[in-house]
């Protein structure tokens, strides 16, 4: 039974708190948030203490591991502090919006073997994982093409967009990681990106972002990968992976909240909308991600999704932005 | 190249004329209908002669085979005449609404080996047939339960209902045959039926019919069969078979006129309506039925769907009506 | 926060204990099982006390409500004791295998207003409930036909069968209740049943049961209902409802553990198996059932699924057995 | 009733001959092929004359219109001859593999108003067309992203590949046209392409082609279009279009030869393979394409799919090849 501290008590923090509390292998022991009300809410719900500053957590000998679910710009600092304190850490993505900061963090923790897991929860979605495992086992022969579709139900606020780092760092980052997950070592080496503000053209000037993007990548062995993202899908949160191989195809498709199908005039077998958003769609993935973290920490093993995965996904986002600027394929070589 | 005469030039007659003309193994040579305008329409469309009476067809040495698509009460007479004339016949279902007339017809043709095929076209539907063949081959182990769903898009006219012989003889007759087709020799021996006028309650008194029915049958070996019919399905002509076996399940499901799927607010993957009605849904079945008839006649073989199949389906309808009257299971023994 | 005692610590008891513990509105306070090891297992897992006899629970002023998840023959006694003690009770189905015992229990509690909820959890399945609510709201016009499919993945043991009361009381009982749920007051008044031992013919003699059944019912207003059950479906636990109305159709279809679809030689869009069995398939329904019980008890309201629903489902099972014996429709009049 | 001559009697020519003969508005009157046996086969099947050279057709006053289904390098010559002879022409795609030849042909016929239709049959597929019409009508709001999937069941022969002009001119050409069809005037102005020989790497050197390609385009208004092609899909000929809009999504999905679904151990609702290849999948589209040609010629109207559409699709293929060479987006401006 590991005693867990939570840094960051917003929406995603509350989800982590609930998962920690529901897991027989972990217990929530302390929470911190610079906004005291946020911390108190979780404190009350779970009957745990709040602390006044993060340092109180890192110096607390009772705490076995920490979850970093705070604002992005604090992630690298907290990772470094956790490593210095010898506390395993599950850190939400991205590590930082500035890849240089990620590199200094990487250097700072280079000599440590404290377990670090980056919160790419989608890797733990049962469907996505079964697809990946089947690809790796050769069920569809040699993988040829990978198409990742990821669309949000509705755009975020302008405030959110202003601090999110751009669609490729904020949204596509998950798909860069899923691409690497399915490619399983055959790393993307070429990136080409297109992006536009089509849903809400006004965001192009301020906050200066796009809301639709397609990224075409090629792996070291020549496999073709397409990611397509949109910030709005009126029919719901759309999360699909399609893998074509020489011997067949696999799709990890959407989940629905119930199995209702409607039939009427000019309508057959119409489903209702999909699971609302990532909290609902990936709730099982979040839970399994936590199982995996606990298992790795308990066994003293390196987590399956490590710091370097966070770094590589960001590298692909950087390459995609460079492609947007240049209108050409950007090649990635060794880091 | 067989020369074919058509008796009966209504809607189903026109379909047969088109199929005969499109098949390289047959040629339409003469048509007859008591309503001259109906005959002339097909005559003009296909450039064939009309005749003034059916006898002119049976005595015409040029005619190799006949299709009986005339009013139901003429079927038995035409079958007997065709047999006397030695002309193979494809006769639309049912043979007659009066099972006694079917028995006298059966007796009258008992000594003949002129090929007779009854128009249970659904047996030739590629999906239904693949289901049946897979069941017979043991793909789902031992067959346990069979559920046949057959619903029309909209009710027929009162005029039609007055001469159709009742829902069980007019509509369920196809499903009785499909049940026997899939059971492949393990004949139904018990029949229980429920029927109601629910869609249009006024038909209960006049024409005196029902529009929803469920028929539960048991085969000689104990397998359970459910047929459900309704005269109205706003989402389209609904034609499905489900076969449960000890090792798996098979469904022969509906066909759609195109592959369009719609996604919108509270809607995912909604199809458009199904193929409009039997002419569209079973057009391939009608065509393959004709191929089978030509192949049997050419090879001098007994057609796969014979007179006795027409008789047995009607026996099941009679048993179902008896069950409606008595409120109990009706047992069928040897004929 | 209601304090809950659990009577019966088998598989279903463990599920209830977990649900009680996870719900912020309830807390598990005591457990009892005649097999001490079973009680201790839950006691340890949840940190609650065990008691030596059921009476200790009913006399415990700290206990706010009880869950009866013990052997069927104890249900009626426990309900009566709970009512005498003034403790609301959620009791697993069936109330008793002997309908006379249910009637004496009914009489014994007739004057009480202690909330009693019978564990027909499937009513709380989001899909089934959405179908029922849509039917009641008239979304498909007037309901015409209802087809309920319920098949277990694999047969139970002979030992289980010997004490289960027969397939119609043990398995179909859920579907009788679902039929009543969807019919929403238009009660079934005619029952016809067929049943066979087809999967394992040897059970016909001992334990003396059947493994495939179809039950055809008619409601007071003439609607047709078909229930089909099988004790084995190799493709998984199959739970479907289909409702045909004058204006459309609704299906509550199966759930899959992930969204994987496979495509290969002669295979397109093949899903993996369904949710394993009722614990997995209806886990959300069990949880929502508990929410509903807590809400009713807290608000002092009569639970939505009451003692009478348990009685009526059993009455339908009795009628179905009578139909099996007589080979005819059994009419149900007022109770 | 138009009298039609067919130039080119290979596989696609036979299909056209059959369609012409089956259509009440047209009659096959003459056929030509440089390989006499090919012409004789169709001549015999349809009872029409063969001629010794194409000129005999263009000078035949009896011929109302011509179909060009001959080798690609003859298309432009035949179009020019047909125009000089004043005979409407339906010409198979592509007009020529050399875009310069297409331009000289375009110049040669510039002053003519003889109807010319290019054989982009997929525009007439009922599903694809319904999708396009719905997009144009605004059913999904403003179109954002378009994903066109087109995969052959198995690679062609090396001989075929040597004369086909490369995957982008031979296979993707259809998808370039479909993209333009759905975009409905919002022309693609940027093209980026990736292509690899992944299925059969040996074709990279000889015939010097690729077998997997992804092409990412942007329209004048910024919409994003992805085409993905593969020369092999073991599960069958895969033809899909997905259109995402601000208000919803539309998919034109695959067709299956029957409605069979299989359920077994670890398998639910598995379909059989799709329609075999383009002859089967697009048979209705070929037929409707011919209807449209006849209607345009009869009404003296310009066909919906004209010479310029053939030219524009080839321009996109040329741009895609240029992108392959340069690794960057290629911009198309006015022609």
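Protein chains in written order, with the working numbering: chain A, 1 to 335; chain B, 336 to 670; chain C, 671 to 1005; chain D, 1006 to 1340. Idealized CB from N, CA, C, for every residue including glycine.
For residue j and residue i, believed in contact at Cβ under 8 Å, the rounded distance
| i | j | result |
| --- | --- | --- |
| residue 337 of chain B | residue 348 of chain B | At roughly 17 Å, the Cβ-Cβ gap does not stay under 8 Å, so residue 337 of chain B and residue 348 of chain B are not in contact. |
| residue 580 of chain B | residue 476 of chain B | 4 Å |
| residue 1151 of chain D | residue 1220 of chain D | Contact doesn't hold; Cβ gap of about 12 Å is too wide. |
| residue 496 of chain B | residue 538 of chain B | 6 Å |
| residue 446 of chain B | residue 437 of chain B | Their Cβ separation, rounded to whole angstroms, is 17 Å, which puts residue 446 of chain B and residue 437 of chain B out of contact at 8 Å. |
| residue 1292 of chain D | residue 1024 of chain D | 6 Å |
| residue 1337 of chain D | residue 1193 of chain D | 7 Å |
| residue 943 of chain C | residue 1277 of chain D | Their Cβ separation, rounded to whole angstroms, is 19 Å, which puts residue 943 of chain C and residue 1277 of chain D out of contact at 8 Å. |
| residue 23 of chain A | residue 294 of chain A | 7 Å |
Three-way DSSP call (helix, strand, coil) for residue i in this model
| i | result |
| --- | --- |
| residue 1337 of chain D | coil |
| residue 202 of chain A | helix |
| residue 1260 of chain D | coil |
| residue 678 of chain C | coil |
| residue 1138 of chain D | helix |
| residue 97 of chain A | coil |
| residue 706 of chain C | helix |
| residue 1224 of chain D | strand |
| residue 112 of chain A | coil |
| residue 26 of chain A | strand |
Through-space distance from residue j to residue i, alpha-carbon basis
| i | j | result |
| --- | --- | --- |
| residue 378 of chain B | residue 387 of chain B | 13 Å |
| residue 489 of chain B | residue 345 of chain B | 20 Å |
| residue 705 of chain C | residue 760 of chain C | 21 Å |
| residue 1140 of chain D | residue 922 of chain C | 31 Å |
| residue 624 of chain B | residue 351 of chain B | 10 Å |
| residue 260 of chain A | residue 861 of chain C | 28 Å |
| residue 231 of chain A | residue 164 of chain A | 13 Å |
| residue 1143 of chain D | residue 1136 of chain D | 11 Å |
| residue 718 of chain C | residue 982 of chain C | 36 Å |
| residue 264 of chain A | residue 919 of chain C | 6 Å |
| residue 335 of chain A | residue 73 of chain A | Because the pLDDT of residue 335 of chain A is 48, which lies under 50, any placement of that residue in the model is unreliable, and the number read from its coordinates should be weighed accordingly. About 23 Å. |
| residue 319 of chain A | residue 124 of chain A | 26 Å |
| residue 196 of chain A | residue 1191 of chain D | 15 Å |
| residue 156 of chain A | residue 58 of chain A | 33 Å |
Contacts of residue i in chain C (Cβ-Cβ under 8 Å)
| i | result |
| --- | --- |
| residue 1163 of chain D | Under the 8 Å cutoff, chain C gives no residues; its nearest Cβ is about 24 Å from residue 1163 of chain D. |
Residues bridged to residue i (per DSSP)
| i | result |
| --- | --- |
| residue 62 of chain A | Looking at the DSSP assignment, residue 62 of chain A forms no beta bridge with any residue, so it has no partner. |
| residue 1218 of chain D | D:1200 and D:1234 |
| residue 238 of chain A | A:151 |
| residue 1036 of chain D | D:1011 and D:1055 |
| residue 1327 of chain D | Its beta-bridge partners do not exist; DSSP assigns none. |
| residue 1148 of chain D | D:1250 |
Contacts that residue i makes with chain D (C-beta to C-beta distance below 9 Å)
| i | result |
| --- | --- |
| residue 601 of chain B | Going along chain D, no residue has its Cβ under 9 Å from residue 601 of chain B, so there is no contact; the nearest lies around 11 Å. |
Contact list for residue i against chain D, beta-carbon separation under 8 Å
| i | result |
| --- | --- |
| residue 248 of chain A | 1239 and 1240 |
Chain C residues whose Cβ lies nearer than 7 Å to that of residue i
| i | result |
| --- | --- |
| residue 565 of chain B | 814, 815 and 914 |
| residue 1125 of chain D | Within 7 Å Cβ-Cβ: nothing; residue 1125 of chain D doesn't reach chain C, min ~26 Å. |
Residue i: CB within 7 Å of a non-hydrogen atom of the ligand ATP
| i | result |
| --- | --- |
| residue 201 of chain A | For the ligand ATP, the structure offers nothing, since it holds no ligand at all. |
Closer than 8 Å at the beta carbon, the chain B residues around residue i
| i | result |
| --- | --- |
| residue 1033 of chain D | Result: empty, since nearest Cβ-Cβ is about 15 Å, beyond 8 Å. |
| residue 1135 of chain D | 593, 595 and 607 |
Chain B residues whose Cβ lies nearer than 7 Å to that of residue i
| i | result |
| --- | --- |
| residue 824 of chain C | The premise fails here: residue 824 of chain C is roughly 11 Å from chain B at the closest Cβ pair, so nothing lies under 7 Å. |
Cross-chain neighbours of residue i in chain A, by beta carbon under 8 Å
| i | result |
| --- | --- |
| residue 1219 of chain D | 145, 216, 224 and 226 |
Interface residues of chain A facing residue i [CB-CB closer than 9 Å]
| i | result |
| --- | --- |
| residue 591 of chain B | 268 |
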